[in-house]
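To start, the structure itself, in structure tokens.
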Amino acid sequence: MKVRPWLGTLLLLALFLVSIFRFELLEALLRPLVRTGTGAPLRAGLPELALQHLVLVLLAGSFSVLTGVVLGFLAVLSRGRDFRNLLVGLSSFTETLPSVAVIALAVPVLGYGTGPTLLALCLYGILPVLRNTIDGLEGVDGDIVEAARGMGMNEARTLFSVRAPVALPVILAGVRVSLIVTISAATLGAAVGAGGFGVPIVSGIRSFDALMILRGAVPVSLMALFADSLLRRAAEAAGGWAVRSGSL
Amino acid sequence: MIRIRGLAKSYGDVPAVQDLNLEIRKGELCVLLGPSGCGKSTTLRLINRLLPMDSGRVWINGRDTTEVPPDILRRSLGYVIQNVGLFPHMTVFDNIAVVPRLKKWKKDRIARRVEELLSMTGLPFDYARRYPRELSGGEAQRVGVARALAAEPSVLLMDEPFGALDLLNRRLLQKEFRGLQRRLGMTVLFVTHDVEESLELADTMAVMNRGRIVQWGRPEDFLFRSRDPFIPRFLGSDYGLNLLRLRPKEETSSRLRILNEAGEVLGTLEDGGFFLASGAGEWEK
């Protein structure tokens with residue numbers, strides 16, 4: 003394993019930690035650049051908001067990844083033709099729904115707080131995973147699948163020991179996009195009381211306090227960048243054969 | 002041994018293979034020769050049941066292929082395709098070991114077998130650790146052949162295996178494969194559209210057109226006894242010369258006169274070599 007790419011990942015993690023535990027260090031840099039307001043100070047500290055945000059992301063993220071991958075595998079089975087088309091249609095439809103509207107509409111049903119936020123996050127988080135899983139598995143070179151079947155692998159075995167590993171880099175790219183979407187979309191939860199980094203953003207908007215907005219926006223961006231970097235490294239490790247043989 | 006009776010397959014209304022009958026004896030290399038789209042690849046895929054047949058029967062070593070589950074059947078038939086289809090995420094070793102592992106061979110037996118196959122197909126042993134992308138086209142197809150032979154299949158099905166290679170590599174692999182097939186006494190059904198390749202390899206040759214076998218026999222038989230006008234058209238006017246050039250001498254009869262379509266003598270093949278009739282009508286060795 004090469005060390006250098008990991009340095010960037012670690013640097014992003016360090017910056018993220020600084021942004022939640024020592025925001026005043028960044029504040030000194032940002033204060034001259036932006037308009038500051040006189041709004042009420044935050045009731046919860048950044049570390050607490052970070053924890054709320056992280057819990058939202060981990061819950062929604064793990065559900066999305068698991069569901070997306072499982073549905074994607076089922077969809078590419080030869081018996082799953084209709085199911086596949088249904089899923090692809092549904093996911094295109096879901097994409098057209100504005101996430102804010104989903105959250106707002108879910109409040110009467112799921113109540114105030116994390117419920118509607120998780121629903122919206124899962125709905126949007128599944129899409130990139132599902133799409134990349136289907137595309138990746140279907141995109142495996144036909145000759146490779148033909149060879150696997152011709153040598154006497156059954157459909158399940160061809161799927162798990164040939165198609166899945168060959169498609170893994172594409173699937174992991176979907177996971178990466180999904181987590182980034184989830185991390186940034188989780189800020190919307192603040193509007194319905196789910197907490198997280200959306201809280202300073204919402205309160206900053208209300209009080210015209212740009213610095214307050216940055217208090218939420220900077221950690222969220224750093225968290226997303228860190229997650230992106232971490233998953234890139236993971237994809238490189240998992241698709242080692244592709245890197246070594248020059249296809250990535 | 003392969004025996005095929007009345008094999009047929011259509012795609013919708015379009016017949017791909019019609020009433021196909023063929024027999025390949027043990028240790029024999031039969032070439033299925035024909036223009037693209039004539040149904041020769043479909044025939045192979047019907048034999049190993051990658052495609053379901055509409056009607057007909059296929060026996061391999063006396064056993065009807067529909068008596069065994071398709072996956073088990075395919076593990077006993079080597080299958081080599083034009084674009085090789087090596088698994089990119091596996092090393093050469095793991096690629097070759099696929100079928101032995103499916104058959105649950107012991108580890109040391111697999112290792113010995115892979116080593117044996119690498120040397121058989123003319124690859125250095127340290128290639129075992131390489132990935133497919135690190136191989137040239139010729140090397141990849143050698144691995145493809147090794148992989149198909151790994152679990153000692155009773156029959157080898159090959160679909161234009163050397164078609165994607167450059168001419169030099171193609172000729173080299175053809176010669177090597179011919180030697181290997183002879184040495185191991187393999188039963189092979191080999192699909193190609195290349196007449197010269199067919200002459201290089203075939204014990205028997207079945208020429209296909211539009212889903213049917215037009216004629217079947219030894220390559221020499223096609224010279225004198227073509228019943229269908231398609232045969233001379235497809236084999237070309239230089240078939241006789243290619244036959245003399247490419248067939249090992251001991252396989253043709255000791256004294257053979259080669260005639261063109263008009264019945265003029267082009268040359269003779271005798272024990273000492275072959276003699277061409279030159280333009281002036283003189284004999285030239």
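Line order of the protein sequences matches chains A and B. Our numbering puts the first residue of the first sequence at 3, with every later residue one more than the last. Our numbering puts the first residue of the second sequence at 2, with every later residue one more than the last. Quick reminder that beta carbons are idealized off the backbone N, C-alpha and C, glycines included.
Exposure of residue i, with buried meaning 16 or more beta-carbon neighbours within 10 Å
i: residue 194 (chain A); result: buried
i: residue 96 (chain B); result: buried
i: residue 18 (chain A); result: buried
i: residue 207 (chain A); result: exposed
i: residue 103 (chain A); result: exposed
i: residue 97 (chain A); result: exposed
i: residue 132 (chain B); result: buried
i: residue 140 (chain B); result: buried
i: residue 239 (chain A); result: exposed
i: residue 227 (chain B); result: buried
Euclidean distance between Cα positions of residue i and residue j
i: residue 52 (chain A); j: residue 220 (chain A); result: 12 Å
i: residue 178 (chain A); j: residue 236 (chain B); result: 57 Å
i: residue 203 (chain B); j: residue 215 (chain B); result: 17 Å
i: residue 137 (chain A); j: residue 168 (chain A); result: 12 Å
i: residue 183 (chain A); j: residue 100 (chain B); result: 42 Å
i: residue 174 (chain A); j: residue 125 (chain A); result: 18 Å
i: residue 11 (chain B); j: residue 56 (chain B); result: 10 Å
i: residue 87 (chain A); j: residue 46 (chain A); result: 46 Å
i: residue 48 (chain A); j: residue 218 (chain A); result: 8 Å
i: residue 255 (chain B); j: residue 245 (chain B); result: A caution first: residue 255 (chain B) carries a pLDDT of 47, below 50, which makes its placement in the model too unreliable to give a value.
i: residue 212 (chain B); j: residue 26 (chain B); result: 22 Å
i: residue 12 (chain A); j: residue 164 (chain A); result: 33 Å
i: residue 188 (chain A); j: residue 7 (chain A); result: 28 Å
i: residue 109 (chain A); j: residue 29 (chain A); result: 35 Å
i: residue 111 (chain B); j: residue 16 (chain A); result: 49 Å
i: residue 253 (chain B); j: residue 187 (chain B); result: Any reading at residue 253 (chain B) is ruled out, since the residue's pLDDT is 46, under 50, leaving its predicted position unreliable.
i: residue 197 (chain B); j: residue 102 (chain B); result: 37 Å
i: residue 254 (chain A); j: residue 198 (chain A); result: Any question about residue 254 (chain A) goes unanswered here, given that chain A covers just 3 to 250.
i: residue 131 (chain A); j: residue 61 (chain A); result: 15 Å
i: residue 108 (chain B); j: residue 128 (chain B); result: 19 Å
i: residue 87 (chain B); j: residue 165 (chain B); result: 14 Å
i: residue 234 (chain A); j: residue 153 (chain B); result: 42 Å
Which residues DSSP lists as bridging residue i, in chain order
i: residue 134 (chain A); result: Residue 134 (chain A) is not bridged to any residue.
i: residue 79 (chain B); result: B:157
i: residue 207 (chain B); result: B:33 and B:217
i: residue 10 (chain B); result: B:18
i: residue 23 (chain B); result: B:5
i: residue 222 (chain B); result: Answer is none; residue 222 (chain B) lacks a bridge partner.
i: residue 65 (chain B); result: B:60
Beta carbon of residue i nearer than 8 Å to that of residue j
i: residue 73 (chain B); j: residue 149 (chain A); result: no
i: residue 20 (chain A); j: residue 213 (chain A); result: no
i: residue 44 (chain B); j: residue 30 (chain B); result: no
i: residue 120 (chain A); j: residue 58 (chain A); result: yes
i: residue 122 (chain B); j: residue 98 (chain B); result: no
i: residue 46 (chain B); j: residue 52 (chain B); result: yes
i: residue 41 (chain B); j: residue 159 (chain B); result: no
i: residue 181 (chain A); j: residue 101 (chain A); result: no
i: residue 129 (chain A); j: residue 93 (chain A); result: yes
i: residue 160 (chain A); j: residue 74 (chain A); result: no
i: residue 172 (chain A); j: residue 141 (chain A); result: yes
Secondary structure, beta strand (DSSP E): runs of 3+ residues fully inside the stretch 78 to 148 of chain B: Unbroken beta strand (DSSP E) stretches of 3 residues or longer found wholly inside the stretch 78 to 148 of chain B: 78 to 82, given in chain order.
Near-chain E residues of the stretch 84 to 115 of chain B - C-beta to any C-beta below 8 Å: Structure shown: chain E not included; protein chains present are A and B.
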